[in-house]
Amino acid sequence: MKEIIRKILNKYYQLKKVKRDKIIDKTLKNTEIDNYTIVFESEGDYSDNCRTLYEYMISQKLNKKYKLIWIVDDPSKYKKEYNVYFISRKYKTKKELTDFYQTVGSAKFLFFTHPYWYHKKNDKQIVINLWHGIPLKAGGRDLHDTFDYITIPSDFSKQLFQKFIGSLESQYVIAGSPRNDLLFSKNDSLEKITSTDNISKVILCMTTFKQSENMKDSTIVCPFVLPCLNNEQELIDLNEELQKLKVKIIIKIHHLQKTDVLSKINMSNIIYLEDYDLNLKNIQLYELVGQTDALITDYSSIMFDYMLIDKPIAYFINDLEDYKKNRGFLVDNINDYMIGEKMLTKKDLLKFISDVVNNKDDYKEQRHKFAQKMFKYKNNNCQRILDIFNIK
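Adding 1108 to a residue's 1-based position in the sequence shown gives its number in our numbering.
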C-alpha cells in the first residue's frame, strides 16, 4: 500500500513540475532582457559572496546605473537602498510564479552562491556562480548547466570544482571569492561580539556541519563542537585555562548543523555564535574571521581562505575515519591539504593555544607555499569580477 501511495505522489509531483516548467518557459520566452538589471541570490538569504559583491557595488554607487534585485525569504527584513529591490523566493499561485520569473528573467546578470534551482533561464542572461568555498568534501553533483561561469581562485583548484559540480573548462573564471576581500577590511566586528580587554589572543573555531536536517556526514556527535570535550565540566575547565592564558575562543556554528544535538553554553572566554547573532549585529562572517588570531577547524573550506591572512591553523581529526566512510573527500591525500597541527585531545588543543599565545608557528612557510598554489589573487576580488564582466 505504501508503495502505491508513493508512486501516486511521485506522479502527482512530476505532473505539477511539468505544468510549472511550461509556465516558466512561456514567461521567460516573453520577457525582455534589461542590460542594467542584476539579480543576487544566496542560500543563507542575504549573505556570503553575493552580499559582499553587492555591498561593494553599493559603495561604488553602481546602484545609480543598475537596478539590483535580491531573492530572499522575507523582503520586509531588509534595508531599502536606491534602485535596490528585495523579492520573495516563495511563490504559491500561478501569478506569483509568473511575476517571479518575469523579474528574475529580465536581469542581464545573475550572481548565485548556490545555483541548484535555476535550471531554466532567459537565453540572453549571464549566470555567474560565485560559489561558497573551495570544495574538499565529496558528495557533489553535476551543476554545470545551471550557470555560464564560475569564479575560482586558481588553476590548481580546477580539479576540485570539476569533481564536485562538474564545471567545464570554458566556464572557469579565475578571480577569487568576493568575501575574501573582507578578510583584509578594517572593522569593529570583534568588538561587537565580545570585549577584548585584557585578552592577548582570539581564536576562531569553525568546523563543518556533521549532522544537518537532511544529511549525516558523521555519526559522531560533538555536543560542544570541540570534539575533545565530553561534558560540561570539561568545558568549564577549558574556560578556566583560557582565562589564565588570556585567550578567548569564538565558536561559529555551521548554518547547516543541527543545533538540537549541541550544548551551547556561553562562558567568559568561550562564545558560541550562529548566523542569527551575526545578523543581529549586522556583521558579515568574514569581517569577523579576519580579526581573529588563529583558526581551529576540521574539513571546512575555511581552512583555505584563512591561509590568505597567514595565521596559525589547527585541525580536529577525531572523526576522520568515520567521516571518510560517511561523506568522504574529493582527494585521497586529505592530510596534504590540511596544513597545520592535527588534534585529537584536550592536551593537543591546549598546546596549540599555548603556541598561538607565544607566537610559535611551525607551519608558516608550508602554509604560505600552499596558499600561493591555491590562490592566484589575495584580495580586490570584487572589483576584478566587475571588470571581467564589464559592470561599471
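Built from N, CA and C at the ideal position, the CB exists for glycine as well.
Reduced DSSP secondary structure (H/G/I, E/B, other) of residue i
| i | result |
| --- | --- |
| Thr1327 | coil |
| Leu1161 | helix |
| Ile1425 | coil |
| Val1333 | coil |
| Gln1122 | helix |
| Thr1367 | helix |
| Lys1454 | helix |
| Gln1399 | coil |
| Val1465 | helix |
| Val1094 | Outside the shown range of the chain, which is 1109 to 1500, sits residue 1094, and nothing can be said about it. |
| Lys1245 | strand |
| Val1212 | helix |
| Ile1307 | coil |
| Leu1416 | coil |
| Phe1460 | helix |
| Leu1312 | strand |
| Ile1357 | strand |
| Phe1317 | coil |
| Glu1189 | coil |
Limits of the unbroken alpha helix (DSSP H) element including residue i
| i | result |
| --- | --- |
| Thr1405 | First-last for Thr1405: 1402-1405, but that is the beta strand (DSSP E), not the alpha helix (DSSP H). |
| Asp1143 | The amino acid occupying residue 1143 in the given sequence is Asn; Asp does not appear at that position. Segment 1142-1149 is the beta strand (DSSP E) holding Asn1143; no alpha helix (DSSP H) there. |
| Asn1237 | Looking at the DSSP string, Asn1237 is not in any alpha helix (DSSP H); the run it does join, the beta strand (DSSP E), is 1234-1237. |
| Ile1301 | 1297-1301 |
| Lys1271 | 1266-1273 |
| Ile1344 | 1340-1353 |
| Arg1475 | 1472-1482 |
| Ile1493 | 1489-1496 |
Contact check, residue i vs residue j, beta carbons under 8 Å
| i | j | result |
| --- | --- | --- |
| Val1333 | Ile1359 | yes |
| Pro1243 | Phe1272 | yes |
| Leu1136 | Tyr1186 | no |
| Ile1258 | Lys1202 | no |
| Leu1347 | Ile1328 | Before going on, a small fix: residue 1347 reads as Asn here, not Leu. Contact: no. |
| Gln1319 | Lys1366 | yes |
| Gly1284 | Arg1492 | yes |
| Leu1458 | Glu1349 | yes |
| Asn1191 | Lys1172 | yes |
| Tyr1423 | Asp1406 | yes |
| Ile1282 | Asp1263 | yes |
| Phe1148 | Tyr1164 | no |
| Ala1246 | Arg1128 | no |
| Ile1442 | Gln1474 | no |
| Met1415 | Phe1460 | no |
| Ser1376 | Gln1351 | yes |
| Leu1170 | Leu1438 | no |
Close Cβ partners of residue i (< 6 Å) along its chain, the five nearest in sequence each way excluded
| i | result |
| --- | --- |
| Ile1425 | Lys1450 |
| Tyr1193 | Ile1177 |
| Lys1454 | Cys1336 |
| Tyr1126 | For the sequence presented, residue 1126 should be read as Val rather than Tyr. Excluding sequence neighbours, Val1126 sits near nothing in its chain. |
| Ile1236 | Phe1219, Tyr1257 |
| Tyr1471 | Ile1447, Gly1448 |
| Pro1223 | Asn1237, Thr1254, Phe1255 |
Nonlocal neighbours in the same chain, by C-beta distance under 7 Å from residue i, ignoring five residues either side
| i | result |
| --- | --- |
| Val1543 | Any answer about residue 1543 is impossible in this case: the structure gives the chain only from 1109 up to 1500. |
| Ile1141 | Ser1214, Lys1216, Asn1230, Lys1232, Gln1233 |
| Asp1156 | Ser1150, Thr1221, His1240, Arg1287 |
| Asn1374 | Tyr1380 |
| Ile1166 | Glu1189 |
| Asp1345 | none |
| Lys1266 | Ile1260, Tyr1280 |
| Asn1489 | Ala1283, Gly1284, Ser1285, Pro1286, Asn1288, Asp1289 |
Start-to-end residues for the beta strand (DSSP E) that takes in residue i
| i | result |
| --- | --- |
| Ala1215 | 1215-1220 |
| Phe1194 | 1192-1196 |
| Ile1177 | 1175-1180 |
| Ile1258 | 1257-1260 |
| Leu1381 | 1378-1381 |
Sequence-distant residues of the same chain with beta carbon closer than 8 Å to residue i, five excluded per side
| i | result |
| --- | --- |
| His1362 | Met1314, Thr1315, Thr1316, Phe1317, Ser1408 |
| Thr1139 | Tyr1209, Gln1210, Gly1213, Ser1214, Asn1230 |
_Assess contact between the region 1319-1329 and the region 1266-1285, defined as three or more Cβ pairs (one per stretch) separated by less than 8 Å. Is contact present?_
no
_the region 1165-1184 in contact with the region 1301-1308 per 3-pair CB rule at 8 Å_ = no
*Touch check for the region 1281-1288 and the region 1478-1487: three-plus C-beta pairs under 8 Å?*
yes
_the region 1173-1181 contacting the region 1197-1208, beta-carbon criterion three pairs below 8 Å_ = Short answer: they touch.
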